[in-house]
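Visitor:
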Amino acid sequence: MDSLNPDHPPLTVSPAPPRVWKFWGTAVWGVVIFAAMFVGQIGAIVYLVWVGGDPVDLASMQHVGREPASLALSVTMGLPATLAAVWLAIRIKKASFVDYLALYWPSWKQLLLGAVGLILVVVAWETMSRSLGREATPGFMTDLLKSGRDKGGAVMLLFAFSVAAPMSEEVLARGFLYRGWSSSFLRVPGAILLSSLVWTVVHLQYDLYFLAEVFTIGVWFGYMRYRANSLWLTIVLHALNNLTAVVLTMWLGS
Numbered sequence: 001m002d003s004l005n006p007d008h009p010p011l012t013v014s015p016a017p018p019r020v021w022k023f024w025g026t027a028v029w030g031v032v033i034f035a036a037m038f039v040g041q042i043g044a045i046v047y048l049v050w051v052g053g054d055p056v057d058l059a060s061m062q063h064v065g066r067e068p069a070s071l072a073l074s075v076t077m078g079l080p081a082t083l084a085a086v087w088l089a090i091r092i093k094k095a096s097f098v099d100y101l102a103l104y105w106p107s108w109k110q111l112l113l114g115a116v117g118l119i120l121v122v123v124a125w126e127t128m129s130r131s132l133g134r135e136a137t138p139g140f141m142t143d144l145l146k147s148g149r150d151k152g153g154a155v156m157l158l159f160a161f162s163v164a165a166p167m168s169e170e171v172l173a174r175g176f177l178y179r180g181w182s183s184s185f186l187r188v189p190g191a192i193l194l195s196s197l198v199w200t201v202v203h204l205q206y207d208l209y210f211l212a213e214v215f216t217i218g219v220w221f222g223y224m225r226y227r228a229n230s231l232w233l234t235i236v237l238h239a240l241n242n243l244t245a246v247v248l249t250m251w252l253g254s
């Protein structure tokens, strides 16, 4: 029996390496996924313009896009487009969608740690904003949320900013980008920083001060994604952060 012969040890089968897009593959697919998100959002506005009977041009799209309900629908429609593009990228690699994105539920201890850290980061920035005499929320967001409340679009905005946007952004940043870049030469620290930078760029409607805050929160989300190996954790934290901001802004605006 060869298996008992020291001169002929039993064969061992090495596990197959995980099928993951590396640095450039992740970067290229990241652009494709972001483009899909953008197309989904713009497509919603184009549809509303067409249904309204207006000419489908830039002026009409800008006019419709300023309405809170239209903007909420636009943000929401970015989610299925994002998920479809991410699913395609992972499908090509013949990998598990759940495993690739680490769609595992975190423990209560991990959720508590993530929430406490997020609160500390937000409070630090809020304190700095007050000491500098700055608004805690960008003015255009305050106006949008007030308008949505007054026009009956509060629920749609709440869903868009507290559910759809966090899921879209986390699947892209802490899901797909982090997974690929952490398996490349960047490793975990580089993946956290670069994915946080990309997530910050998605929020270019803010000024540099708020962008710095977004980047800091992104780094914390990235660390928790690594520590807990759970994308659901960062989705929940992101959703709680946005939900708190939306509710408080609407309440303060009243």
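Under UniProt numbering, residues 1 to 254 are what the sequence shown spells out, in order. Each residue gets a CB set at the ideal place from its N, CA and C atoms; glycine is no exception. Because the structure is a prediction, the values reported are computed rather than measured.
#1: Closest to Val246 by C-alpha separation, out of Thr76, Met141, Val51, would be which residue?
#2: Only counting the same chain, and skipping five residues up and downstream in sequence, which positions put a Cβ closer than 6 Å to that of Ala95?
#3: Could you tell me the distance, in whole angstroms, from the CA atom of Phe221 to the CA atom of Glu126?
#4: Quick one, are the C-beta atoms of Val64 and Val56 less than 7 Å apart?
#5: When the Cα atoms are used, what is the spatial distance from Ala85 to Ser131?
#6: Only counting runs of 4 or more residues, tell me where the alpha helix (DSSP H) segments fall wholly within the stretch 45–98, in order along the chain.
#7: Is the CB-CB distance between residue 259 and Thr234 below 7 Å?
#8: I need the straight-line Cα distance from Leu103 to Arg227, nearest angstrom please.
#9: Going by DSSP in three states, Val31 sits in which element: helix, strand or coil?
#10: How would you call residue 259, buried or exposed, if buried means at least 16 neighbouring beta carbons within 10 angstroms?
#11: Does DSSP put Ser183 in a helix, in a strand, or in coil?
#12: How far does the alpha helix (DSSP H) with Ala212 in it reach, from first residue to last?
#13: Name the two residues that bound the continuous alpha helix (DSSP H) containing Ala124.
#14: Check Thr234 in the structure and name its three-state DSSP category.
#15: Which word fits residue 256, buried or exposed, when buried means at least 16 other C-beta atoms lie within 10 angstroms of its C-beta?
#16: Can you list, in chain order, the residues of its chain with a C-beta nearer than 8 Å to that of Tyr206? Leave out the 5 residues immediately preceding and following it.
#17: Identify the continuous alpha helix (DSSP H) that holds Phe159 and give its terminal residues.
#18: By Cβ distance, which residues of its chain are closer than 7 Å to Leu145, with the 5 residues on each side in sequence left out?
#19: Do Val98 and Ala165 have their C-beta atoms closer together than 7 Å?
#20: Could you give the first and the last residue of the continuous alpha helix (DSSP H) run that contains Pro166?
#21: Going along the chain, which residues of its own chain have a beta-carbon closer than 7 Å to the beta-carbon of Ser70, five neighbours each way excluded?
#22: Based on Cα-Cα distance, which residue from Trp181, Phe176, Leu208 lies nearest to Leu101?
#23: So what's Tyr178 in DSSP terms, helix, strand or just coil?
#24: Leaving out five residues before and five after Ser196 in sequence, what residues of the same chain have Cβ atoms less than 8 Å from its Cβ?
#25: Could you check the C-alpha separation between Ala154 and Gly53 for me, to the nearest Å?
Guide: Inspection of the coordinates gives the following:
#1: Walking along the sequence shown from the start, residue 246 turns up at place 246. Ranking the options by Cα distance to Val246, first place goes to Met141.
#2: Here residue 95 is taken as the residue at index 95 of the sequence shown, counted from 1. Within the same chain, Ala95 has close Cβ partners Arg19.
#3: On the sequence shown, position 221 is the one that residue 221 refers to. On the sequence shown, position 126 is the one that residue 126 refers to. Rounded to the nearest angstrom, the two C-alpha atoms are 18 Å apart.
#4: Here the question's residue 64 lines up with position 64 in the sequence shown. Here the question's residue 56 lines up with position 56 in the sequence shown. No. Outside cutoff.
#5: If you number the sequence shown from 1, residue 85 lands on position 85. If you number the sequence shown from 1, residue 131 lands on position 131. Answer to the nearest angstrom: the Cα atoms are 43 Å apart.
#6: 58–65, 68–92
#7: Residue 259 is absent from the model: the chain starts at 1 and stops at 254.
#8: What you label residue 103 is simply residue 103 of the sequence shown in a count that begins at 1. What you label residue 227 is simply residue 227 of the sequence shown in a count that begins at 1. Their Cα atoms are separated by approximately 14 Å.
#9: Numbered from 1 along the sequence shown, position 31 holds the residue referred to as residue 31. DSSP places Val31 in helix when its eight states are reduced to three.
#10: With the chain covering only 1 through 254, there is no way to say anything about residue 259.
#11: By one-based count along the sequence shown, residue 183 stands at place 183. Of the three classes helix, strand and coil, the one that applies to Ser183 here is coil, per DSSP.
#12: Taking the sequence shown and counting its residues from 1, one reaches residue 212 at position 212. Segment 208–228, the alpha helix (DSSP H) holding Ala212.
#13: For the purposes of this step, residue 124 is identified with residue 124 of the sequence shown, where counting begins at 1. Looking at the DSSP string, the run of the alpha helix (DSSP H) that includes Ala124 is 108–131.
#14: Position 234 of the sequence shown, counted from the start, is the residue given in the question as residue 234. The answer is helix: DSSP assigns Thr234 an H, G or I state.
#15: Outside the displayed span of the chain (1 to 254) sits residue 256, for which this structure offers no information.
#16: Working through the sequence shown from its first residue, we reach residue 206 at position 206. Same-chain partners within the cutoff: Pro138, Val214.
#17: Taking the first residue of the sequence shown as position 1, residue 159 is located at position 159. Looking at the DSSP string, the run of the alpha helix (DSSP H) that includes Phe159 is 154–159.
#18: Here residue 145 is taken as the residue at index 145 of the sequence shown, counted from 1. Leu157, Val246, Thr249, Met250, Gly253.
#19: Translated into the one-based positions of the sequence shown, residue 98 becomes position 98. Translated into the one-based positions of the sequence shown, residue 165 becomes position 165. Cβ distance not < 7 Å, so Val98 and Ala165 don't count as in contact.
#20: For this step, residue 166 is matched to residue 166 along the sequence shown. Where Pro166 is concerned, the enclosing alpha helix (DSSP H) stretches over 165–170.
#21: The count along the sequence shown starts at 1 and reaches residue 70 at position 70. Counting only Cβ-Cβ distances below 7 Å, and skipping sequence neighbours, we find Ile45, Leu48, Val64.
#22: Counting from 1 along the sequence shown, the entry for residue 101 is found at position 101. The candidate whose alpha carbon is nearest that of Leu101 is Phe176.
#23: For the purposes of this step, residue 178 is taken as residue 178 along the sequence shown, with counting starting at 1. Looking at Tyr178 - three-state DSSP - the assignment turns out to be helix.
#24: Translated into positions along the sequence shown, residue 196 becomes position 196. Excluding sequence neighbours, Ser196 sits near Ala173, Phe215, Gly218, Val219, Phe221, Gly222.
#25: Here residue 154 is taken as the residue at index 154 of the sequence shown, counted from 1. Here residue 53 is taken as the residue at index 53 of the sequence shown, counted from 1. Their Cα atoms are separated by approximately 25 Å.
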